[in-house]
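Down below is the structure, laid out as structure tokens.
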Amino acid sequence: MDDIFVARVMSSPVHTVSPDTLVEDAAQKMLDEEIGSVVVVDDGQLVGILTNTDFVKIVAERKPKDRTPVSAYMSDTAVTTTAQVPIAQVAESMIEHGIHHVPVVDDDGAVIGMVTTTDLASYVSHLRTTTA
1 MDDIFVARVM SSPVHTVSPD TLVEDAAQKM LDEEIGSVVV VDDGQLVGIL
51 TNTDFVKIVA ERKPKDRTPV SAYMSDTAVT TTAQVPIAQV AESMIEHGIH
101 HVPVVDDDGA VIGMVTTTDL ASYVSHLRTT TA
């Protein structure tokens, strides 16, 4: 799979929010779009990611969600990739960091896609079906 690149399996367009988006608004967007994460951008640049795992933390901490911005819970050290990286390398990075969502950025750092464990599993499943 070293010759299969991120661009082939990534999801696009990416669903984004700003750092000051309220967590309840981000949660509603994720529910409406049936997605497991939103990318947090400021002036088009990646600043973080908010995932369904972050919402478990919000509930567990029993923090009031009213008027709480996404920036209070997002991961601001998001692991990223580019569209030309082999998917095997991205999968290894996901395992190493214990993550399920990797934003895909262009040379300027703008978000152009998202690779998830679901995207990788879907690709492998399709590959096995067509070669079986």
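With the UniProt record's numbering, the residue at position 50 of the sequence shown is 50, and numbering never jumps. C-beta atoms are modelled at their ideal positions from N, C-alpha and C, and glycine is treated no differently.
query: Three-state class that DSSP yields for HIS100 in the structure shown; result: coil
query: Whole-number beta carbon distance between MET114 and VAL47, since they are thought to touch under 8 Å; result: The pair is not a contact, with the Cβ atoms about 15 Å apart (cut-off 8 Å).
query: Rounded Cβ spacing between VAL111 and THR16 (contact assumed at less than 8 Å); result: 7 Å
query: 8 Å Cβ shell around ASP119 - same chain, five flanking residues per side excluded; result: VAL9, MET10 and SER11
query: Opposing strand residues paired with PRO86 [DSSP bridges]; result: PHE5
query: Those runs of the beta strand (DSSP E) which lie wholly inside the UniProt domain "CBS" (10–67) and span at least 3 residues; result: 37–42 and 45–51
query: Rounded distance between the beta-carbons of ALA78 and ILE49, thought under 8 Å; result: 5 Å
query: Close-in-space but distant-in-sequence residues of the same chain around VAL38 (CB under 7 Å, 5 per side omitted); result: HIS15, THR16, VAL17, ALA26, LYS29, MET30 and LEU50
query: Contact belief for ALA83 with VAL6 at Cβ below 8 Å, rounded distance in angstroms; result: 5 Å
query: Option nearest GLY98 by Cα separation, candidates GLY109, VAL90 and VAL70; result: VAL90
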